[in-house]
Amino acid sequence: MRLMGVMTATECFRYGDEVVIRSDRGTEIATVLCEATNEAVELVPSKGNSEPVQGKIIRRLDATDRGDWSQMSEMTRKDLLAAKKCVNQLKLPMQVIDVERMLGGERVIVYFVADGRVDFRELVKLVGREFQTRIEMRQIGIRDEAKLLADYGDCGQKVCCSRFLSKMPPVSMKMAKLQRASLDPAKISGRCGRLKCCLRYEFETYEEMAEELPPIGSEILTRDGSAKVLAQDILAGQLVVKTDDHRRVMIPAGDVVSVTKRGSGEPTKQRKR
Numbered sequence: 016m017r018l019m020g021v022m023t024a025t026e027c028f029r030y031g032d033e034v035v036i037r038s039d040r041g042t043e044i045a046t047v048l049c050e051a052t053n054e055a056v057e058l059v060p061s062k063g064n065s066e067p068v069q070g071k072i073i074r075r076l077d078a079t080d081r082g083d084w085s086q087m088s089e090m091t092r093k094d095l096l097a098a099k100k101c102v103n104q105l106k107l108p109m110q111v112i113d114v115e116r117m118l119g120g121e122r123v124i125v126y127f128v129a130d131g132r133v134d135f136r137e138l139v140k141l142v143g144r145e146f147q148t149r150i151e152m153r154q155i156g157i158r159d160e161a162k163l164l165a166d167y168g169d170c171g172q173k174v175c176c177s178r179f180l181s182k183m184p185p186v187s188m189k190m191a192k193l194q195r196a197s198l199d200p201a202k203i204s205g206r207c208g209r210l211k212c213c214l215r216y217e218f219e220t221y222e223e224m225a226e227e228l229p230p231i232g233s234e235i236l237t238r239d240g241s242a243k244v245l246a247q248d249i250l251a252g253q254l255v256v257k258t259d260d261h262r263r264v265m266i267p268a269g270d271v272v273s274v275t276k277r278g279s280g281e282p283t284k285q286r287k288r
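In the working numbering, the protein residues as written are 16 to 288.
Quick look at the structure:
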């Protein structure tokens, strides 16, 4: 799930080192990102008001650990089928997405999606008898499902949520409209079926650039006379306007002398550009 945390250590590690850690989740494999400076700790996302994942580095990953992890990976394939079988047996309204075993074998985490709350107490007992270890059920969203299972996006790159995103910020249709992206759901939806996360990457830049242009519906005064703003070309810094003689023309934003009335209909002070 690409969890980030702050770990204590008794020796120095460098970026990219693979290590074995012990956290509140159990014993697992992790990759060192950087030294835990004050600036780095601030970048670690927390869930709600809770603290980020805490723990300590036990040792560097060695050949024995790799062999154990390979064995665990083989077991999780069988675990997934067994968990799905238990869900079908109890006829629960949920779908098991993935199963994760801790390196130390002290816990098995079952990830699932469901439309609402699910009473899985009987399922935990049944799966616990099957796996002979502690079971943790974790309900995830549609985006988390893509984070676990998706491979490549429409851009040809690995999906952002599995490659580098540690938190997935909300994305709205407003972002697509402002960037003049296609409003076809098939073209602006990611592997999760929701709006693509990349629509948010440049949204703030578009907003800043849009603020420099008169809003749509504004009445403006140009070097050639009065006009009304019909549309904006944010990246080009141009406006589509309707002149007093009912012509539609595109003009550079620099040709606007002043805005006499903003798009909201409220008059504004004369502004020189």
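Ideal Cβ placement from N, Cα and C applies to all residues, glycine included.
Annotation for Gly240: Thr258, Asp259 place their beta carbon closer than 8 Å to its own, counting only its chain and skipping 5 residues before and after. The segment 109-128 and the segment 145-155 touch, with three or more beta-carbon pairs separated by less than 8 Å.
Under the criterion of beta carbons closer than 8 Å, Ala225 and Gln194 do not qualify as touching, at roughly 10 Å. Per the DSSP secondary-structure output, Leu210 pairs in a beta bridge with Ser204. In the same chain as Leu198, and ignoring 5 residues on each side of it, the C-beta atoms closer than 8 Å to its own belong to Met188, Ala191, Lys192, in chain order. Taking C-beta separations shorter than 6 Å and ignoring five residues to either side along the sequence, the partners of Leu95 in its chain run Val114, following chain order.
DSSP places Thr46 in the strand class (E or B) of the three-state scheme.
When DSSP assignments are scanned along the segment 94-128, no uninterrupted stretch of alpha helix (DSSP H) that is 4 or more residues long falls wholly within it.
Per the Cβ contact rule, the segment 66-76 is in contact with the segment 18-36 (3 or more Cβ pairs under 8 Å). If the five residues before and after Ile150 are omitted, its C-beta is found closer than 6 Å to the C-beta atoms of Val123, Val139, Val142, Gly143, all from its own chain and listed in chain order. Counting C-beta pairs with one atom in each stretch, the segment 169-176 and the segment 204-213 have three or more that are closer than 8 Å, which means they touch. Minimum Cα-Cα distance from Val68 among the listed residues Thr148, Arg37, Lys243 corresponds to Arg37. Beta bridge pairing from DSSP links Gly20 with Val68.
C-alpha of Lys243 to C-alpha of Ala196: approximately 24 Å in a straight line. The residues Met190, Leu193, Gln194, in chain order, have a CB closer than 8 Å to that of Phe218 in the same chain once the five nearest residues on each side in sequence are set aside.
Boundaries of the alpha helix (DSSP H) around Arg136: 136-146.
Distance from the CA of Gly82 to the CA of Phe135, rounded to the nearest whole angstrom, comes to 33 Å. Of the residues assessed, Asp159 falls on the buried side of the cut-off, its CB having 16 or more other CB atoms within 10 angstroms.
Listed as beta-bridge partners of Met265 by DSSP are Val255.
Per DSSP, Thr275 is one residue of the beta strand (DSSP E) stretching across 271-276. The secondary-structure analysis by DSSP pairs Tyr167 across a beta bridge with Lys173.
If you draw a straight line from the Cα of Gln110 to the Cα of Thr23, it comes to about 37 Å. Exposed is the label assigned to Thr148, since fewer than 16 other Cβ atoms lie within 10 Å of its Cβ. In this structure, the beta-carbon distance from Val56 to Arg29 does not fall below 8 Å. DSSP places Leu193 within a helical segment (H, G or I) once states are collapsed to three.
Looking only at Ala97, Thr237, Leu236, Tyr221, the smallest Cα-Cα distance to Ile249 is reached by Tyr221. Residue pairing by DSSP places Ile235 opposite Ala242, Val274 in a beta bridge. A straight-line Cα-Cα distance of about 45 Å links Gln172 and Val272. Rounded to whole angstroms, the gap between the alpha carbons of Arg116 and Thr52 is 31 Å.
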